[in-house]
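J.:
There are 2 protein chains.
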Amino acid sequence: MSEFFDNWIVQVRKGVLELCILRALENQERYGYELVKTLASVPGLALTEGTLYPLLSRLRVAGLVTARLEESDEGPARKYYALTKEGRRTLADMNDFLDKLNQGTRSLHKLPSL
Amino acid sequence: MSEFFDNWIVQVRKGVLELCILRALENQERYGYELVKTLASVPGLALTEGTLYPLLSRLRVAGLVTARLEESDEGPARKYYALTKEGRRTLADMNDFLDKLNQGTRSLHKLPSL
DNA sequence: GCATGCTACTAGGTTATACAAGGTAGCTGG
DNA sequence: CCAGCTACCTTGTATAACCTAGTAGCATGC
Chain A
40 MSEFFDNWIV QVRKGVLELC ILRALENQER YGYELVKTLA SVPGLALTEG TLYPLLSRLR
100 VAGLVTARLE ESDEGPARKY YALTKEGRRT LADMNDFLDK LNQGTRSLHK LPSL
Chain B
40 MSEFFDNWIV QVRKGVLELC ILRALENQER YGYELVKTLA SVPGLALTEG TLYPLLSRLR
100 VAGLVTARLE ESDEGPARKY YALTKEGRRT LADMNDFLDK LNQGTRSLHK LPSL
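So the sequence lines, in the order shown, correspond to chains A and B. Under the numbering used here, the first residue of the first sequence is numbered 40, with each subsequent residue one higher. Under the numbering used here, the first residue of the second sequence is numbered 40, with each subsequent residue one higher.
As structure tokens, this is what we get:
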């Protein structure tokens, strides 16, 4: 489509990717490679390993997720990531923030100007 | 709150600000200074003129808004911005994208892994 | 042995943006 | 006439994150 729109998507991803990872982990453990494949199915979320692993690393350092190595019957060991209590809290904060933002801009629609 | 959360907000803003400006213009013309003051009332959206004016300029160059100078009874002339047809289309695309993203990550919640 | 596919990780380059700070100028009231 | 508010705009800087490309290791099948 338009160049502007493409550019916008790039910018949005930067803020949204982390949120999506946290959401994907909300109800189950997942390992990195799985996340890459899973998120590829969501339009606009396709990412590569070079994007995901640094991101997971940041989340771990920040204390939002824990990592656990587990051997696999088929193939190399997998590193499973799970949300911490703090991760859940942060996820809730993020959702709140976006909700408020949505409400805020929606109210701008209808209100008279200053 | 947490440092991670603060940082996240910075990133989210980058993608969301443009969307919010377009939304604010959806139902009415607005001039720059007014936007600064109006958006300051939305939590998380507070911005300065140094942020807004370059942004409006980008939107104008991209053909999403038009600008019209109009004298004011009280104070200096104001520059009113309005959405173009293309601006409306882009706004719709953005909303679509975010909706799909929301659906997509929400489905990740419940689906079994791969 | 070797190719293929799964799994994890790193380094460097590129890109884009928000923000601070500063500048111009008009209008109003004391 | 000057202080303060309205209104618009530009430049420079710092930040930060994604992506490409590459490394490395294990497992399986041939």
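A virtual CB, placed ideally from N, CA and C, is assigned to each residue, including glycine.
Run through the DSSP bridge pairs and tell me what TYR70 (chain B) is partnered with.
T.: Stepping through the second sequence from its first residue, residue 70 (chain B) is reached at position 31. DSSP, once it has assigned bridges, lists B:TYR119 as partnering TYR70 (chain B).
J.: Considering only residues of the same chain and omitting the five flanking positions on each side of PRO151 (chain A), which have a CB-CB separation below 6 Å?
T.: Taking the first residue of the first sequence as position 1, residue 151 (chain A) is located at position 112. Note on PRO151 (chain A): pLDDT 45, under 50, position unreliable in the model; no value is reported.
J.: CB PRO82 (chain B) to CB LYS76 (chain A), shorter than 8 Å?
T.: Within the second sequence, numbered from 1, the residue matching residue 82 (chain B) stands at position 43. Within the first sequence, numbered from 1, the residue matching residue 76 (chain A) stands at position 37. In this structure, LYS76 (chain A) does not lie closer than 8 Å to PRO82 (chain B) by Cβ.
J.: If the criterion is Cβ atoms closer than 8 Å, does the pair LEU74 (chain B) and VAL104 (chain B) meet it?
T.: Position 35 of the second sequence, counting from 1, holds the residue named residue 74 (chain B). Position 65 of the second sequence, counting from 1, holds the residue named residue 104 (chain B). Against a cut-off of 8 Å, the Cβ pair of VAL104 (chain B) and LEU74 (chain B) comes out as no contact.
J.: Since ALA85 (chain A) and LEU91 (chain A) are thought to touch, with beta carbons under 8 Å apart, how far apart are those beta carbons, to the nearest angstrom?
T.: As a working mapping, residue 85 (chain A) is identified with position 46 in the first sequence. As a working mapping, residue 91 (chain A) is identified with position 52 in the first sequence. Their Cβ separation, rounded to whole angstroms, is 11 Å, which puts ALA85 (chain A) and LEU91 (chain A) out of contact at 8 Å.
J.: For LEU108 (chain B), which residues from the same chain have a beta carbon less than 7 Å from its beta carbon, with the 5 sequence-adjacent residues on both sides left out?
T.: Here the question's residue 108 (chain B) lines up with position 69 in the second sequence. Cβ neighbours of LEU108 (chain B) beyond the five flanking positions: ALA116, LYS118.
J.: Looking at GLN50 (chain B) and GLY71 (chain A), is the spacing between their C-beta atoms short of 8 Å?
T.: Within the first sequence, numbered from 1, the residue matching residue 71 (chain A) stands at position 32. Within the second sequence, numbered from 1, the residue matching residue 50 (chain B) stands at position 11. Their beta carbons are not under 8 Å apart, which means GLY71 (chain A) does not touch GLN50 (chain B) by this criterion.
J.: Could you compute how far the alpha carbon of ASN141 (chain A) sits from the alpha carbon of GLY89 (chain A)?
T.: The residue given as residue 141 (chain A) occupies position 102 in the first sequence. The residue given as residue 89 (chain A) occupies position 50 in the first sequence. Answer to the nearest angstrom: the Cα atoms are 31 Å apart.
J.: For GLU109 (chain B), which residues does DSSP report across the bridge?
T.: One-based indexing of the second sequence puts residue 109 (chain B) at position 70. B:ARG117.
J.: Whose Cβ in chain A lies nearer than 7 Å to the Cβ of GLU57 (chain B)?
T.: Walking along the second sequence from the start, residue 57 (chain B) turns up at place 18. Residues of chain A passing the Cβ test: TRP47.
J.: Kindly indicate if chain B contains any beta-carbon less than 8 Å away from that of LEU95 (chain A).
T.: On the first sequence, position 56 is the one that residue 95 (chain A) refers to. Closer than 8 Å: no.
J.: Go ahead and pull the three-state DSSP assignment for VAL55 (chain A).
T.: Residue numbering aside, residue 55 (chain A) sits at position 16 when the first sequence is read from its first letter. Correct three-state label for VAL55 (chain A): helix.
J.: Between which two residues does the alpha helix (DSSP H) holding PRO93 (chain B) run?
T.: Locating residue 93 (chain B) in the second sequence gives position 54, where the first residue counts as 1. Element bounds for PRO93 (chain B): 88-100.
J.: Helix, strand or coil, according to DSSP, for VAL104 (chain A) in the structure here?
T.: Residue mapping note: residue 104 (chain A) aligns to position 65 of the first sequence, counting from 1. VAL104 (chain A): strand per DSSP, three-state reduction.
J.: Cβ atoms of MET133 (chain B) and LEU58 (chain B): under 8 Å apart, would you say?
T.: Residue mapping note: residue 58 (chain B) aligns to position 19 of the second sequence, counting from 1. Residue mapping note: residue 133 (chain B) aligns to position 94 of the second sequence, counting from 1. Yes; because the gap between Cβ atoms is below 8 Å, this pair is in contact.
J.: Give the interface partners of VAL104 (chain B) over in chain A, defined as CB-CB distance under 7 Å, in chain order.
T.: By 1-based counting over the second sequence, the position of residue 104 (chain B) is 65. By Cβ distance, chain A contributes nothing, its closest Cβ being about 11 Å from VAL104 (chain B), past 7 Å.
J.: Would you mind giving the Cβ-Cβ distance between ARG69 (chain B) and TYR120 (chain B), rounded to the nearest angstrom? I have them listed as a contact below 8 Å.
T.: Locating residue 69 (chain B) in the second sequence gives position 30, counting from the first residue. Locating residue 120 (chain B) in the second sequence gives position 81, counting from the first residue. 6 Å between Cβ atoms; contact.
J.: Does the Cβ of ARG145 (chain A) have 16 or more other Cβ atoms within 10 Å, making it buried, or fewer, making it exposed?
T.: Position 106 of the first sequence, counting from 1, holds the residue named residue 145 (chain A). By the neighbour-count rule (16 or more Cβ atoms within 10 Å), ARG145 (chain A) is not buried but exposed.
J.: Please tell me whether LYS118 (chain A) has its Cβ less than 8 Å away from any Cβ of chain B.
T.: Counting from one through the first sequence, the residue named residue 118 (chain A) turns up at place 79. Judged by the 8 Å Cβ criterion, LYS118 (chain A) is not in contact with chain B.
J.: Return the Cβ separation of THR129 (chain B) and PHE44 (chain A) in integer angstroms, given the expectation that the two are a contact with Cβ distance under 8 Å.
T.: In the second sequence, the residue the question calls residue 129 (chain B) occupies position 90. In the first sequence, the residue the question calls residue 44 (chain A) occupies position 5. Contact flag correct, Cβ pair sits at about 6 Å.
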